[in-house]
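Chains as they are written, first to last, in this note's numbering: chain H, 503 to 737; chain S, 503 to 737; chain Y, 734 to 951; chain P, 734 to 951.
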Amino acid sequence: MNKVVASAEEAIKDINDNATLMLGGFGLCGIPENTIAALVKKGVKGLTCISNNAGVDDFGIGLMLKTRQVKKMISSYVGENAEFERQLLSGELEVELIPQGTLATRCLASGYGMPAIFTPAGVGTEVAEGKETRKFMVDGVEKEFLMEMAFDSDFAIVKAWKADTHGNLVFRETARNFNPMMAMAGKITIAEVEEIVEAGQLDPDHIHTPGIYVHRVFKGEKYEKRIEQRTVRKK
Amino acid sequence: MNKVVASAEEAIKDINDNATLMLGGFGLCGIPENTIAALVKKGVKGLTCISNNAGVDDFGIGLMLKTRQVKKMISSYVGENAEFERQLLSGELEVELIPQGTLATRCLASGYGMPAIFTPAGVGTEVAEGKETRKFMVDGVEKEFLMEMAFDSDFAIVKAWKADTHGNLVFRETARNFNPMMAMAGKITIAEVEEIVEAGQLDPDHIHTPGIYVHRVFKGEKYEKRIEQRTVRKK
Amino acid sequence: MLDKIGIAKRIAREIKDGYYVNLGIGIPTLVANYIPQGMNVVLQSENGLLGMGPFPFEGEEDPDLINAGKQTITTVPGSAFFDSAMSFGMIRSRKVDLTILGAMEVADNGDIANWKIPGKMVKGMGGAMDLVASAKNIIVAMQHVNKANESKLLTKCTLPLTGVKCVKKIVTELAVLDVTAQGFKLLERAPGISVEQIKNATEGRLIIEGDIPEMKIE
Amino acid sequence: MLDKIGIAKRIAREIKDGYYVNLGIGIPTLVANYIPQGMNVVLQSENGLLGMGPFPFEGEEDPDLINAGKQTITTVPGSAFFDSAMSFGMIRSRKVDLTILGAMEVADNGDIANWKIPGKMVKGMGGAMDLVASAKNIIVAMQHVNKANESKLLTKCTLPLTGVKCVKKIVTELAVLDVTAQGFKLLERAPGISVEQIKNATEGRLIIEGDIPEMKIE
Numbered sequence: 503m504n505k506v507v508a509s510a511e512e513a514i515k516d517i518n519d520n521a522t523l524m525l526g527g528f529g530l531c532g533i534p535e536n537t538i539a540a541l542v543k544k545g546v547k548g549l550t551c552i553s554n555n556a557g558v559d560d561f562g563i564g565l566m567l568k569t570r571q572v573k574k575m576i577s578s579y580v581g582e583n584a585e586f587e588r589q590l591l592s593g594e595l596e597v598e599l600i601p602q603g604t605l606a607t608r609c610l611a612s613g614y615g616m617p618a619i620f621t622p623a624g625v626g627t628e629v630a631e632g633k634e635t636r637k638f639m640v641d642g643v644e645k646e647f648l649m650e651m652a653f654d655s656d657f658a659i660v661k662a663w664k665a666d667t668h669g670n671l672v673f674r675e676t677a678r679n680f681n682p683m684m685a686m687a688g689k690i691t692i693a694e695v696e697e698i699v700e701a702g703q704l705d706p707d708h709i710h711t712p713g714i715y716v717h718r719v720f721k722g723e724k725y726e727k728r729i730e731q732r733t734v735r736k737k
Numbered sequence: 503m504n505k506v507v508a509s510a511e512e513a514i515k516d517i518n519d520n521a522t523l524m525l526g527g528f529g530l531c532g533i534p535e536n537t538i539a540a541l542v543k544k545g546v547k548g549l550t551c552i553s554n555n556a557g558v559d560d561f562g563i564g565l566m567l568k569t570r571q572v573k574k575m576i577s578s579y580v581g582e583n584a585e586f587e588r589q590l591l592s593g594e595l596e597v598e599l600i601p602q603g604t605l606a607t608r609c610l611a612s613g614y615g616m617p618a619i620f621t622p623a624g625v626g627t628e629v630a631e632g633k634e635t636r637k638f639m640v641d642g643v644e645k646e647f648l649m650e651m652a653f654d655s656d657f658a659i660v661k662a663w664k665a666d667t668h669g670n671l672v673f674r675e676t677a678r679n680f681n682p683m684m685a686m687a688g689k690i691t692i693a694e695v696e697e698i699v700e701a702g703q704l705d706p707d708h709i710h711t712p713g714i715y716v717h718r719v720f721k722g723e724k725y726e727k728r729i730e731q732r733t734v735r736k737k
Numbered sequence: 734m735l736d737k738i739g740i741a742k743r744i745a746r747e748i749k750d751g752y753y754v755n756l757g758i759g760i761p762t763l764v765a766n767y768i769p770q771g772m773n774v775v776l777q778s779e780n781g782l783l784g785m786g787p788f789p790f791e792g793e794e795d796p797d798l799i800n801a802g803k804q805t806i807t808t809v810p811g812s813a814f815f816d817s818a819m820s821f822g823m824i825r826s827r828k829v830d831l832t833i834l835g836a837m838e839v840a841d842n843g844d845i846a847n848w849k850i851p852g853k854m855v856k857g858m859g860g861a862m863d864l865v866a867s868a869k870n871i872i873v874a875m876q877h878v879n880k881a882n883e884s885k886l887l888t889k890c891t892l893p894l895t896g897v898k899c900v901k902k903i904v905t906e907l908a909v910l911d912v913t914a915q916g917f918k919l920l921e922r923a924p925g926i927s928v929e930q931i932k933n934a935t936e937g938r939l940i941i942e943g944d945i946p947e948m949k950i951e
Numbered sequence: 734m735l736d737k738i739g740i741a742k743r744i745a746r747e748i749k750d751g752y753y754v755n756l757g758i759g760i761p762t763l764v765a766n767y768i769p770q771g772m773n774v775v776l777q778s779e780n781g782l783l784g785m786g787p788f789p790f791e792g793e794e795d796p797d798l799i800n801a802g803k804q805t806i807t808t809v810p811g812s813a814f815f816d817s818a819m820s821f822g823m824i825r826s827r828k829v830d831l832t833i834l835g836a837m838e839v840a841d842n843g844d845i846a847n848w849k850i851p852g853k854m855v856k857g858m859g860g861a862m863d864l865v866a867s868a869k870n871i872i873v874a875m876q877h878v879n880k881a882n883e884s885k886l887l888t889k890c891t892l893p894l895t896g897v898k899c900v901k902k903i904v905t906e907l908a909v910l911d912v913t914a915q916g917f918k919l920l921e922r923a924p925g926i927s928v929e930q931i932k933n934a935t936e937g938r939l940i941i942e943g944d945i946p947e948m949k950i951e
């Protein structure tokens, strides 16, 4: 059950133009930076990217925007990127904004084999336009929910802290974020990690994503792990 | 944020007749045995119990059946209990059998604030009778699903391996089973554990159930941890 | 005619390298013993484990470590524990490659009945309904006929259904059969069993094309 | 009139012992600094953390540890990490006791607009729609009027909505108000602010009953 591949290039060998990708991470935290670099190098185009954010101008998904590889972004917040804004305003880039919890839960639904979920997020707003709504009793009060569909994606690309050779994944701190749900939701799931250990080296009680969900694992060549908002206090 | 109470008795002080309880465990593995003992001692009656199984004649929920405290069981498999069978056939006990994955997911739905979920389990069987069905496309093929409602329960009673004083829970091996979802689903969640440690003693990356879901924690007086099917091989 | 071990051995040959497999209670559990050495197969137990190993050595039983049949077990290196929601999540999202389970009856359209006999104490469906509703590949291990010598491979199940149109392959004491749009397609005969015997034991539509080989089990 | 710190201080007084609290970006983030010492409060960050602590000391920033505003942070003892699905799961299931966030406009029925200005670059709603749709108690920190001195407490929001009928309380530079079935109910005046000034700054229905005290903030 060896899921290890040698490199990012090998991991993405069958990602072709017009693929739909999920990319883990929140801001620049826990993003699959080595896979993004390989996608930029490969130059695949017309990508639909499902990712909470779109990176910054010179890091994360921003790098794929600069090279015009992205056709459509499905995100909850895309704020920190001037090139993104330019492409959006010029109509080169299509953007679908959805609530963050809806994004997370539509990934979960996919990984858990649930075709649709109900959420109250967006009820009464433009997010609800064209969507089926339904009322349910919650704590004795009628409440309205939107039906949102599970995501379909060709590839999920996630960043974990450690993996074993079976593809079991462990995440670190808030770099976990969307990665576990996306890992469950890809038709093919690619995980880049900081360290690969032998099967049996991870405590089976501590695994966040079981290897059954993961198809390919590789060790990232290097991690910049850029900080977006460095906030500190004096000692 | 101290969730620790002194005893099982204190933890269940407000569980009264006719309450709906979720009880974690799979077979006799990972069941809240100290809380069950306290419920038997207290003698509350008319309980509705949501639990994957119903224990055996002299252990687990079987003890509450013997004392006729249970009005209704909602379970996926209730096989190993003669008294259960007697009460069921005599009409003293009401039983609702539901698929195991449906049981788990209806608990998850409750803890995740989703009023209903869709599952294919039971489509075309008597489980589907009277339920709304709906077709969705799955991998390009139309497939039928049942809509199943999130569970409402007054109390969730779970067994974890360790807790910290904040109510963060860690489970061990397959004793995890239904416990995390039920912990998320109780209006009041009571966790009995083998060991309570100070806040900060559990690795925050290894917590299975965050304390926000847990209202009361106590250390079980003793754990029998009975084995239902002892299967071994010779050395 | 195959005994239980024979059925288990024959089913084991359906398992491919790299498979994640869920084994039901009874004969399916035995299949684990006949997976060829060196083949990478991970066993899923729906109570929350990937990487189930053999029974523990005497004295090493761990009450926290059981399979879906509530038997004490062990894990293999690379195993992972998870909760029941994730367990059925991976089942529903078709990450499990093969599900092997028992049946009381199977119909020639793939319907299966294995959880309830009206008039008898009903123990429950456990995880069977979830498994059959979702699995991409289901093999059933069952007896071809009941004790009264009546066929259990039927045109239509007489017992309450567990799932509809889901069984892909059946291994009985007499035969290996695929479930096709046209009915049961006979693939192999058990050692010493004739096509005629299988015909007589099968109430549902049976397709017999060409020479039916005798199965090979060592 | 209150400055940002004043608004944060006043909101901090709404936090009760034992609360789990989600703080939005901007003024709400500042509220953390004014939670009384010794009060047991756990801060939830929707990117996957319960038990958020203060900013790290210089040189101790950890790129894997950020809040929902993408700022480097720390944890406190008893913290827990989880994924985004569970994070919004606990938000939807109303386990978070109090949500504090900013707004561009609030209507007197509790509608809130805080994510989109037509004609301007839209950055996205992030987790705001999930939070306002689910939270059992929402306090909004906002300016009472815009730079043109126009009220932002309205009969009806003019901007695209983030959520409907969800805001429970508002703290502005001028006042503290509850949102009731009859409209904004004035509870407290900011130091030096008259009822008349608040009336003039409020376009939506305003309820003034009895003497309105000046708020106390140290």
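Virtual Cβ for every residue (Gly too), placed ideally from N, Cα, C.
In the structure shown, the three-state DSSP call for residue 938 of chain Y is coil. For residue 595 of chain S, there is no enclosing beta strand (DSSP E), as DSSP marks it with neither H nor E.
Per DSSP, the beta bridge partners of residue 731 of chain S are Y:804. For residue 706 of chain H, the closest alpha carbon among the candidates S:583, S:713, S:506 and S:674 is that of S:674.
Beta-bridge pairing by DSSP links residue 645 of chain H to H:638. Taking C-alpha positions only, residue 837 of chain Y is separated from residue 873 of chain Y by approximately 10 Å. Counting only Cβ-Cβ distances below 9 Å, residue 707 of chain S has contacts in chain H at 663, 672, 673, 674, 675, 678, 708 and 710, in chain order. In this structure, the straight-line span from the alpha carbon of residue 617 of chain S to that of residue 866 of chain P is close to 14 Å.
Inter-residue distance for residue 709 of chain S and residue 671 of chain S is about 6 Å (C-alpha atoms, whole angstroms).
Among the residues of chain P, those whose CB is under 9 Å from the CB of residue 616 of chain S are 822, 825 and 826, following chain order. Boundaries of the alpha helix (DSSP H) harbouring residue 608 of chain S: 602-613, taken from the DSSP string. Contact with chain H is found for residue 818 of chain Y, since one of that chain's Cβ atoms lies less than 9 Å from the residue's Cβ. Residues 666 of the same chain have their beta carbon placed closer than 7 Å to that of residue 703 of chain S, with the five preceding and five following residues left out of the count.
Look at residue 778 of chain Y: its C-beta is not under 9 Å from any C-beta on chain H.
The C-beta of residue 538 of chain S comes no closer than 9 Å to any C-beta of chain H. Look at residue 913 of chain Y: its C-beta is not under 9 Å from any C-beta on chain S. Rounded to whole angstroms, the gap between the alpha carbons of residue 557 of chain S and residue 778 of chain Y is 20 Å. Note on the stretch 784-854 of chain Y: whole beta strand (DSSP E) runs with a minimum of 3 residues are 808-814, 831-835 and 838-840, in chain order. Annotation: the continuous alpha helix (DSSP H) that includes residue 762 of chain Y extends over 760-764. Minimum Cα-Cα distance from residue 905 of chain Y among the listed residues Y:943, Y:834 and Y:863 corresponds to Y:834. When the beta-carbon positions are compared, residue 841 of chain Y and residue 892 of chain Y stay at least 9 Å from each other. Within the DSSP secondary-structure output, residue 651 of chain H pairs in a beta bridge with H:618. By the Cβ rule, the stretch 646-658 of chain S counts as touching the stretch 677-690 of chain S, because three or more pairs are nearer than 8 Å. Listed in chain order, the non-local C-beta contacts of residue 597 of chain S below 6 Å within the same chain comprise 575 and 590, local neighbours out to five positions each way being set aside. Counting C-beta atoms within 10 angstroms of its own C-beta, residue 560 of chain H has fewer than 16 neighbours from the protein chains shown and is therefore classed as exposed. A direct Cα-Cα distance of roughly 20 Å separates residue 852 of chain Y from residue 889 of chain Y. The Cβ-Cβ distance between residue 600 of chain S and residue 629 of chain S falls below 9 Å.
For residue 903 of chain Y, the three-state secondary structure derived from DSSP is strand. It is roughly 12 Å from the alpha-carbon of residue 534 of chain S to the alpha-carbon of residue 691 of chain S. Proximity of chain H to residue 862 of chain P at the Cβ level (cut-off 7 Å) is accounted for by 601, 623, 624, 627 and 629, in chain order.
When DSSP states are grouped into helix, strand and coil, residue 571 of chain H belongs to the coil group.
Annotation: residue 756 of chain P to residue 774 of chain P spans about 12 Å, alpha carbon to alpha carbon. For residue 916 of chain P, the uninterrupted beta strand (DSSP E) segment begins and ends at 916-922. DSSP places residue 537 of chain H in the uninterrupted alpha helix (DSSP H) bounded by 535-544. Straight across, the Cα-Cα distance linking residue 880 of chain Y with residue 771 of chain Y is about 39 Å. Ranked by Cα distance from residue 862 of chain P, the options P:735, P:737, P:895 and P:785 are led by P:895.
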